[in-house]
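Asker:
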Amino acid sequence: MKKISWNELEFKYMKTDKRFVSRWKNGQWDQGRLKSDNHITLSEASTALHYGQQCFEGLKAYRTRHNRIQLFRPEENAKRMQESCRRLLMPELSVEKFIRACELVVRANEYYVPPYGTNSALYLRPFMIGVGNIMGVKPADEYLFCVYCSPVGPYFKGGLKPVEFVTSDFDRAAPMGTGGVKVGGNYASSLYPNHLAKKQGYADCIYLDPKTHTKIEEVGAANFFGITHDETFVTPESYSILPSITKQSLLYLAEHYMHLKTQQRDVCVDKLNEFKEAGACGTAAVITPIGSITHKGKKHVFYSEDKVGPMTMTLFNTLTNIQFGDLEAPKDWIYRFD
Ligand code: PLP
Ligand code: COI
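For the sequence shown, our numbering gives the first residue as 97, with consecutive numbering after it.
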């Protein structure tokens with residue numbers, strides 16, 4: 097067994113014992129199997145390699161204080177992957193098969209689910225790629241669906257510590273493009289803007305709406321939310337934003353657990369002072385407080401550059417207490433392993 101410093105985990109790949117692989121051929125998925133080798137052999141003419149015909153998901157397995165393991169809303173990830181598949185003309189996978197594959201991978205790598213209390217979790221990365229021998233621009237006729245996992249800590253360094261973002265002049269997605277689905281192309285186009293932001297000392301960049309560049313869309317790997325001075329939880333709405341499951345959950349928790357008003361609407365980058373707090377949310381990012389956003393050289397500070405605001409803190413505690421099993425979850429949010 098690998099010795100792991102659970103309290104020092106970062107968001108980095110660690111090879112675990114088993115991963116799941118299933119092949120789609122002649123119009124159907126095979127049973128799939130677990131394997132030890134973390135390499136995949138595929139044709140040089142695979143559509144995933146040339147035309148970006150691939151999609152992926154990200155979800156986590158959590159260990160509770162009673163040493164049980166649970167997934168957070170895996171059905172939502174399965175359904176989002178189906179959306180991604182429809183957009184890229186890939187074969188859909190049933191919700192049951194998706195969840196079964198995740199469960200098999202977690203069970204086979206149980207040792208790697210971080211202990212309760214370390215604020216870390218086992219990150220699952222289901223993905224689908226078009227493979228086979230295809231030359232022209234068209235969908236593949238064979239696909240692989242795989243799930244691997246890795247124990248992870250916080251995505252943004254320092255965990256629950258405010259980060260600084262800068263708006264980008266680039267777009268991650270087109271107005272009617274693929275921003276709303278989880279496909280690799282969106283991330284390929286975010287690499288350079290992300291690199292520029294990091295070079296200037298920011299944690300990442302914030303994308304504006306690709307049509308007018310006046311409204312906040314999201315971060316490269318997380319959605320945006322803000323809390324207004326009258327305590328409304330606000331998150332942007334746009335076709336080119338990835339519909340985050342964490343964001344969807346926070347909308348529910350803000351309304352039903354914290355009794356806040358909620359709104360999904362435009363967020364003008366010139367009106368950031370309507371918010372007393374802001375954050376980034378996602379499976380990997382969990383909830384990361386945003387200390388400031390710099391736009392056209394002007395820095396807007398939210399609650400504080402180094403302290404977490406009280407509303408953000410309550411959202412974080414409510415969400416993570418549910419994920420780690422310390423707070424009763426809304427119906428069907430938790431998938432427990434018996
Ligand atoms: N936005 C982008 C671009 C992402 O990559 C992610 C991560 O999955 C999110 C938002 C957050 O989505 P979720 O909460 O479903 O993980
Ligand atoms: C996730 O939060 O699951 C993501 O996919 C973000 C990621 C691209 C690191």
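Note that beta-carbon positions come from the ideal geometry of N, C-alpha and C, so glycine has one too.
Enumerate in chain order the residues of its own chain whose CB-to-CB distance from residue 240 is below 8 Å, with the five nearest sequence positions on each side excluded.
Answerer: As a working mapping, residue 240 is identified with position 144 in the sequence shown. If we look at residue 240 and ignore the five residues flanking it on each side, its Cβ neighbours are 117, 118, 119, 120, 136, 138, 224, 225, 227.
Asker: Would you kindly work out how many angstroms separate the C-alpha atoms of residue 167 and residue 175, rounded to a whole number?
Answerer: Counting from one through the sequence shown, the residue named residue 167 turns up at place 71. Counting from one through the sequence shown, the residue named residue 175 turns up at place 79. Roughly 15 Å separates the two Cα atoms.
Asker: Give, in chain order, every unbroken run of the beta strand (DSSP E) that is at least 3 residues long and sits entirely within the region 293-346.
Answerer: 300-304, 312-315, 318-324, 328-331
Asker: Considering residue 467, what are the terminal residues of the beta strand (DSSP E) in which it resides?
Answerer: Residue 467 lies beyond the stretch modelled for the chain, which goes from 97 to 434, so this question has no answer here.
Asker: If we ignore side chains and look at the alpha-carbon of each, how far apart do residue 147 and residue 190 end up?
Answerer: Reading the sequence shown from its first residue, position 51 is the one you call residue 147. Reading the sequence shown from its first residue, position 94 is the one you call residue 190. Computed Cα separation, rounded: 24 Å.
Asker: In three-state terms, what does DSSP make of residue 414?
Answerer: Walking along the sequence shown from the start, residue 414 turns up at place 318. Helix.
Asker: Answer yes or no: the CB of residue 379 versus the heavy atoms of the ligand COI, is any distance below 7 Å?
Answerer: Residue numbering aside, residue 379 sits at position 283 when the sequence shown is read from its first letter. Checking every heavy atom of the ligand COI against the Cβ of residue 379, one is found closer than 7 Å.
Asker: For residue 397, which residues from the same chain have a beta carbon less than 6 Å from its beta carbon, with the 5 sequence-adjacent residues on both sides left out?
Answerer: Within the sequence shown, numbered from 1, the residue matching residue 397 stands at position 301. Only 388 meet the Cβ criterion.
Asker: How many angstroms separate the CA atom of residue 298 from the CA atom of residue 261?
Answerer: Sequence index remark: in the sequence shown, residue 298 carries index 202 (1-based). Sequence index remark: in the sequence shown, residue 261 carries index 165 (1-based). Between residue 298 and residue 261, the C-alpha separation is close to 5 Å.
Asker: Would you call the region 179-188 and the region 271-288 touching, i.e. three or more CB-CB distances under 8 Å?
Answerer: A contact exists between the region 179-188 and the region 271-288.
Asker: Quick check: what's the CA-CA separation for residue 385 versus residue 326?
Answerer: Here residue 385 refers to the residue found at position 289 of the sequence shown. Here residue 326 refers to the residue found at position 230 of the sequence shown. Answer to the nearest angstrom: the Cα atoms are 19 Å apart.
Asker: Just list the beta strand (DSSP E) runs in the region 118-169, keeping only unbroken ones of 3 residues or longer that don't cross its boundaries, in chain order.
Answerer: 129-131, 150-152, 155-159, 165-168
Asker: Contact check, residue 85 vs residue 236 under 8 Å by CB: the rounded distance?
Answerer: Not covered by the structure: residue 85. The range shown for the chain is 97 to 434.
Asker: Name the residue from 333, 256, 270, 211 whose alpha carbon lies nearest to the alpha carbon of residue 420.
Answerer: For the purposes of this step, residue 420 is taken as the residue at position 324 of the sequence shown. Checking every option, the nearest Cα to that of residue 420 belongs to 211.
Asker: Cβ atoms of residue 323 and residue 373: under 8 Å apart, would you say?
Answerer: What you label residue 373 is simply residue 277 of the sequence shown in a count that begins at 1. What you label residue 323 is simply residue 227 of the sequence shown in a count that begins at 1. Taking 8 Å as the Cβ cut-off, residue 373 and residue 323 qualify as a contacting pair.
Asker: Determine the direct distance from the alpha carbon of residue 132 to that of residue 436, and round the result to whole angstroms.
Answerer: Any property of residue 436 remains undetermined from this structure, which presents the chain solely from 97 to 434.
Asker: My output table needs one value for residue 100: the three-state DSSP class, helix, strand or coil.
Answerer: The residue given as residue 100 occupies position 4 in the sequence shown. Reduced to three states, the DSSP call for residue 100 is coil.
Asker: Quick check on residue 246: does DSSP put it in helix, strand or coil?
Answerer: Walking along the sequence shown from the start, residue 246 turns up at place 150. Residue 246: strand per DSSP, three-state reduction.
Asker: Assign residue 102 to one of two classes, buried (16 or more other C-beta atoms within 10 Å of its C-beta) or exposed (fewer than that).
Answerer: Position 6 of the sequence shown holds residue 102. The residue is exposed, with fewer than 16 neighbouring Cβ atoms inside 10 Å.
Asker: Is DSSP giving residue 380 helix, strand or coil here?
Answerer: In the sequence shown, the residue the question calls residue 380 occupies position 284. Coil.
Asker: Determine the burial state of residue 343: buried for a count of at least 16 other Cβ atoms within 10 Å of its Cβ, exposed for fewer.
Answerer: Position 247 of the sequence shown, counted from the start, is the residue given in the question as residue 343. Burial of residue 343 is indicated by the presence of at least 16 other C-beta atoms within 10 angstroms of its C-beta.
Asker: Could you have a look at residue 395 and say whether DSSP puts it in helix, strand or coil?
Answerer: The sequence position of residue 395 within the sequence shown is 299, counting from 1. Residue state, collapsed to three classes: strand.
Asker: With 16 other CB atoms within 10 Å as the buried threshold, where does residue 426 fall?
Answerer: Translated into the one-based positions of the sequence shown, residue 426 becomes position 330. Exposed.
Asker: So which of 354, 144, 431, 341 has the shortest CA-CA distance to residue 234?
Answerer: The residue given as residue 234 occupies position 138 in the sequence shown. For residue 234, the nearest C-alpha among the options comes from 144.
Asker: So, for residue 197: in the same chain, excluding its five sequence neighbours on each side, which residues have a beta-carbon less than 8 Å away from its beta-carbon?
Answerer: Along the sequence shown, read from residue 1 onward, the residue named residue 197 stands at position 101. For residue 197, where only same-chain residues beyond five positions count, the Cβ hits under 8 Å are 116, 118, 128, 222, 241, 243.
Asker: Do residue 331 and residue 349 count as a contact pair if the criterion is CB distance below 8 Å?
Answerer: Counted from its first residue, the sequence shown places residue 349 at position 253. Counted from its first residue, the sequence shown places residue 331 at position 235. Not closer than 8 Å, so no.
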